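*Asks:* Residue numbers (UniProt numbering): 1 to 169.
Idealized CB from N, CA, C, for every residue including glycine.
This one's a predicted model, so the numbers in the text were calculated from it and none came from an experiment.
Have a look at the structure that comes next, please.
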Amino acid sequence: MKNYLLKYRGRGTAVPAIPSVSHIWWSWLGAMVAIGAIAWLSDQAGALFFMAPFGASCVLVFGVPNSPLAQPRSLVLGHLIAALIGLLVLEALGANWFSMGVAVATAIAFMQLTRTLHAPAGATPLVIMLEGADWSFVFTPVLSGAFIILFVGLITNNLSRNRSYPEYW
């Protein structure tokens with residue numbers, strides 16, 4: 001029991017350094033353009049192209065673009081897998097506390113199995129259940145928004161000499 005409790009102290013690792021001003025600038029620019037583009041498209045189309053997990057996706061794609069969780073396969077396929085699982089669980093079990101737990105846990109497991117783990121996608125099934133979404137949600141907003149973030153990420157993360165994206169597809 002004592003060894004278990006000692007884990008809560010942390011490992012004594014130093015807090016990460018503050019990123020360079022350049023890194024912060026490119027992260028800010030990419031996130032602003034990506035979220036702005038998704039919101040603008042929603043306004044213009046009169047349709048929902050936006051969901052809250054995209055804000056967290058921007059943290060990864062623009063804030064830590066070298067992270068495995070930020071790579072294109074994780075961004076796009078992670079949200080896609082989570083959305084499909086969310087819709088299947090919604091149809092099978094409805095929207096309740098149990099089905100929400102099942103959907104998120106199953107989405108995590110499938111993202112791990114497919115090497116597409118993307119932390120923000122863990123919220124996608126919850127959005128689907130809370131919205132009572134239908135199958136069109138997979139295309140708009142899930143895939144359309146993820147592809148906009150990817151497109152902006154490819155451009156802005158490679159404009160800087162000090163950044164490169166992606167690490168792999």
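Whose C-beta lies closer than 8 Å to the C-beta of residue 142 among residues of the same chain, with five residues either side of it excluded?
*Replies:* Within the same chain, residue 142 has close Cβ partners 51, 79, 80, 83, 124.
*Asks:* Use the C-beta contact count for residue 40: other C-beta atoms within 10 angstroms, 16 or more gives buried, fewer gives exposed.
*Replies:* So residue 40 ends up on the exposed side.
*Asks:* Could you tell me the distance, in whole angstroms, from the CA atom of residue 31 to the CA atom of residue 14?
*Replies:* Taking the straight line from one Cα to the other gives about 27 Å.
*Asks:* Using the three-state DSSP reduction, which class does residue 97 fall into: helix, strand or coil?
*Replies:* Three-state result, residue 97: helix.
*Asks:* Just to confirm before moving on: does the CB-CB distance between residue 76 and residue 147 stay below 8 Å?
*Replies:* It is a contact, given that the beta carbons lie within the stated cut-off.
*Asks:* Along the alpha helix (DSSP H) that carries residue 151, what are the first and last residues, could you check?
*Replies:* Here the alpha helix (DSSP H) through residue 151 covers 144-159.
*Asks:* So, at 7 Å on beta carbons, what are the nonlocal neighbours of residue 154 in its own chain, with the 5 sequence-adjacent residues on each side left out?
*Replies:* Cβ neighbours of residue 154 beyond the five flanking positions: 165.
*Asks:* Measure the Cβ-Cβ separation of residue 120 and residue 56 and say whether it is below 8 Å.
*Replies:* Yes. Within cutoff.
*Asks:* By DSSP, does residue 66 sit in helix, in strand, or in coil?
*Replies:* It is coil, neither helix nor strand.
*Asks:* According to the neighbour-count rule (16 or more other Cβ atoms, all chains shown, within 10 Å of its Cβ), is residue 96 buried or exposed?
*Replies:* Looking at its Cβ environment, which holds fewer than 16 other Cβ atoms inside 10 Å, residue 96 is exposed.
*Asks:* Can you give the Cα-Cα distance for residue 25 and residue 91, rounded to whole angstroms?
*Replies:* Between residue 25 and residue 91, the C-alpha separation is close to 43 Å.
*Asks:* Do residue 160 and residue 129 come within 8 Å of each other at the CB atom, strictly closer than that value?
*Replies:* For residue 129 and residue 160, no; Cβs fall outside 8 Å.
*Asks:* Taking 8 Å as the threshold (C-beta atoms), are residue 70 and residue 61 in contact?
*Replies:* It is a contact, given that the beta carbons lie within the stated cut-off.
*Asks:* Within 10 angstroms of its Cβ, does residue 162 collect 16 or more other Cβ (buried), or is it exposed?
*Replies:* Its Cβ having fewer than 16 others within 10 Å, residue 162 is exposed.
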